[in-house]
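Engineer: The following block contains the structure, expressed as structure tokens.
Structure below.
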């Protein structure tokens, strides 16, 4: 087990975020004393991953923890909280769209540490570059949470619940929806026996462009030119992939509407 | 004017692609002897950019060119071709969804050089990394075009018209539609007074992920979990931005459908 001098921490949940947050906290000197997950396989895998004792029994959570970090889906968090029986512990969750006062009934010290990032177990990420939004139930806990967050990230902001929900929603467009467009491209190429690799330089350049200019200035392509011929040809070509045909039509129309109204 | 020993080349069009292709050709030793654009301002700007004589008069095109490269929109290309009066010259266009035989009536040597990339005048791009699809009207011209393309790019493939149209369509999803999702995120943050910058690490990570795994494996977020609560909250939050609300609902449903059918 890795030792450290920082707060004694329990991580609840063994999903993608836990998988990255655990090592980032250990690197920053936190003593992760236990991890919990509902299923044995994920608890054990995560425990081994960060070399920490694991449990699948919520009654076995160690009582001497200073900090409990919940890395759960919204529904799992709400289902689990009533079963947790720890006193005087600082509880934080990591969800974009769950209020901090979900903890109100269970502890007097609580907060939120929401990383604006997409995590995948198999990809390393430098947590220091991850923007982290924090919120706590009072100024003292906010300071405490800020100092925790700043130990793992160089990009920490205090963001209230309403604004955190906005960040979360914008992130869904920028990440999940963007990835779905990659998927359409992947499936279309795959459908015709081509390799997705040929698009990778274009994908990276499209992302890099919006580091330097607004997405509005960066927009190119037939929809922004309202080139009806091409739009029509592509819609026909997608006849046997109706789901992507719908997306093509819908998103093209939205791009055109935005250009027209300017 | 920059001299070179390669083919004497005229570039027709002074848009985003010309702006990048011109310098890439010059760097590879091509002698660009003239540029043409319909408007004086764009012809002059581009001519100055690559230090080459410009014209806005299609009758003034130099007759000793070996190669004429059309960097025009599809409609502009079709409108301009009947006016061009050059003989025995290799004509190529750069469009994703225009057949090569658009040149048939005007020359016996022709082809297509289609770069699978998004170009913006103000951003430098290393053309060597740009995937280039080529096609020509016979084997001899294909070899000629291949050697031209390989002088500027390390990633050249011979792709027929049907397949080039597929590449183009996939590129629209991966680039134009992706950028429209960035734009939604930008507008939503802007609407509430937040800076788009906070999403940049997430945008880069989302793009980098699909260099290593398929977009299907990379997908995260509430739509893929079918978290109806969050979807509903976000739809309500977007009530005063109906265009983005429509996109949110439509794309979320498409993500969910894909996850459900697997």
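Residue numbers (the working numbering), protein chains in the order written: chain Y, 1018 to 1279; chain W, 1018 to 1279. Ideal Cβ placement from N, Cα and C applies to all residues, glycine included. If you're wondering where the values come from, they're calculated on a predicted model, not measured in any experiment.
Taking contact to mean at least 3 C-beta pairs separated by less than 8 Å, is the segment 1031-1047 of chain W in contact with the segment 1164-1176 of chain W?
Structural biologist: yes
Engineer: Residues of the segment 1198-1218 of chain Y in Cβ contact with chain W at a cutoff of 8 Å, in chain order, please.
Structural biologist: 1198, 1199, 1200, 1201, 1202, 1203, 1205, 1206, 1209, 1211, 1213, 1215, 1216, 1217, 1218
Engineer: Express the C-alpha separation of residue 1184 of chain Y and residue 1172 of chain Y in angstroms, rounding to a whole number.
Structural biologist: Cα to Cα, the separation comes out at about 14 Å.
Engineer: Please confirm whether residue 1133 of chain Y has its beta-carbon closer than 8 Å to some beta-carbon of chain W.
Structural biologist: At least one CB of chain W lies nearer than 8 Å to the CB of residue 1133 of chain Y.
Engineer: Starting from residue 1174 of chain W, follow its DSSP beta bridges and name the residues at the other end.
Structural biologist: W:1150
Engineer: Beta-carbon within less than 6 Å of residue 1178 of chain Y's beta-carbon, same chain only, minus the 5 sequence neighbours each way: which residues are those?
Structural biologist: Cβ neighbours of residue 1178 of chain Y beyond the five flanking positions: 1116.
Engineer: Which runs of the alpha helix (DSSP H), 4 residues or longer, sit entirely within the segment 1037-1100 of chain Y?
Structural biologist: 1057-1067, 1091-1097
Engineer: Determine the DSSP secondary structure at residue 1133 of chain W, reduced to helix, strand or coil.
Structural biologist: coil
Engineer: Under 8 Å between beta-carbons, which chain W residues line up against residue 1260 of chain Y? List them in chain order, please.
Structural biologist: Result: 1271, 1274, 1275.
Engineer: Tell me where the alpha helix (DSSP H) around residue 1237 of chain Y begins and ends.
Structural biologist: Note, residue 1237 of chain Y: premise wrong, no alpha helix (DSSP H); not H, not E.
Engineer: What number of angstroms, rounded off, separates the C-alpha of residue 1018 of chain W from the C-alpha of residue 1096 of chain W?
Structural biologist: Per-residue confidence for residue 1018 of chain W stands at a pLDDT of 39, beneath the threshold of 50, marking its modelled position as unreliable; the derived number appears in the next sentence. Roughly 30 Å separates the two Cα atoms.
Engineer: Since residue 1114 of chain W meets chain Y, which of its residues come closer than 7 Å, beta carbon to beta carbon?
Structural biologist: Those within 7 Å of residue 1114 of chain W in chain Y are 1247, 1250.
Engineer: For residue 1186 of chain Y, return the contacting residues in chain W, with the cut-off set at a CB-CB distance below 7 Å.
Structural biologist: 1205, 1251, 1254
Engineer: When the cut-off is 8 Å and only beta carbons count, does residue 1091 of chain Y lie next to chain W?
Structural biologist: yes
Engineer: With a threshold of 16 other CB atoms inside 10 Å of the CB of residue 1122 of chain W, please say whether the residue is buried or exposed.
Structural biologist: exposed
Engineer: Determine the burial state of residue 1026 of chain Y: buried for a count of at least 16 other Cβ atoms within 10 Å of its Cβ, exposed for fewer.
Structural biologist: buried
Engineer: For residue 1226 of chain Y and chain W, any beta-carbon pair shorter than 8 Å?
Structural biologist: yes
Engineer: Please check if any C-beta of chain W sits within less than 8 Å of the C-beta of residue 1137 of chain Y.
Structural biologist: yes
Engineer: Could you give the distance in angstroms between the alpha-carbon of residue 1142 of chain Y and the alpha-carbon of residue 1134 of chain W?
Structural biologist: Residue 1142 of chain Y and residue 1134 of chain W: Cα-Cα distance of roughly 27 Å.
Engineer: Please report whether the beta-carbon of residue 1177 of chain Y lies at a distance below 8 Å from any beta-carbon of chain W.
Structural biologist: For residue 1177 of chain Y, the answer is no, since every Cβ of chain W falls outside 8 Å of its Cβ.
Engineer: According to the Cβ coordinates, are residue 1195 of chain W and residue 1073 of chain Y closer than 8 Å?
Structural biologist: Pairing residue 1195 of chain W with residue 1073 of chain Y gives a Cβ-Cβ distance that is not under 8 Å.
Engineer: Under 8 Å: do the segment 1187-1202 of chain W and the segment 1268-1277 of chain Y share three or more Cβ pairs, one atom per stretch?
Structural biologist: yes
Engineer: Whose CA, out of W:1055, W:1236, W:1049, lies closest to the CA of residue 1066 of chain W?
Structural biologist: W:1049
Engineer: Which residues of chain W have a Cβ atom closer than 8 Å to the Cβ of residue 1147 of chain Y, listed in chain order?
Structural biologist: 1218
Engineer: Can you find a CB in chain W that lies within less than 8 Å of the CB of residue 1033 of chain Y?
Structural biologist: yes
Engineer: Just grab the DSSP bridge partners of residue 1107 of chain Y for me.
Structural biologist: Y:1084
Engineer: Please tell me whether residue 1100 of chain Y and residue 1075 of chain Y are closer than 8 Å, where the distance is taken between their beta carbons.
Structural biologist: yes
Engineer: If you reduce the DSSP assignment to three classes, tell me which class residue 1138 of chain W lands in.
Structural biologist: coil
Engineer: Taking the alpha helix (DSSP H) that residue 1226 of chain W falls in, what are its first and last residues?
Structural biologist: Where residue 1226 of chain W is concerned, the enclosing alpha helix (DSSP H) stretches over 1217-1229.
Engineer: Quick test of your reading: residue 1091 of chain W and residue 1247 of chain Y, contact by CB under 8 Å. State the CB separation rounded to the nearest angstrom.
Structural biologist: 7 Å
Engineer: Do you know offhand how far residue 1170 of chain W's Cα is from residue 1252 of chain W's?
Structural biologist: 45 Å
Engineer: Considering only their Cβ atoms, is the gap separating residue 1213 of chain Y from residue 1219 of chain Y smaller than 8 Å?
Structural biologist: no
Engineer: Please list, in chain order, all residues of the same chain as residue 1243 of chain Y whose beta carbon is under 6 Å from its beta carbon, the five residues on each side excluded.
Structural biologist: 1273
Engineer: Counting along the chain, where does the alpha helix (DSSP H) carrying residue 1245 of chain Y start and finish?
Structural biologist: 1245-1254
Engineer: So residue 1281 of chain Y and residue 1190 of chain Y are supposed to be a Cβ contact under 8 Å. How far apart are they, rounded?
Structural biologist: The first residue shown for chain Y is 1018 and the last is 1279, placing residue 1281 of chain Y beyond what the model contains.
Engineer: Can you pull the chain Y residues whose beta carbon is under 7 Å from the beta carbon of residue 1229 of chain W, in chain order?
Structural biologist: 1140, listed in chain order.
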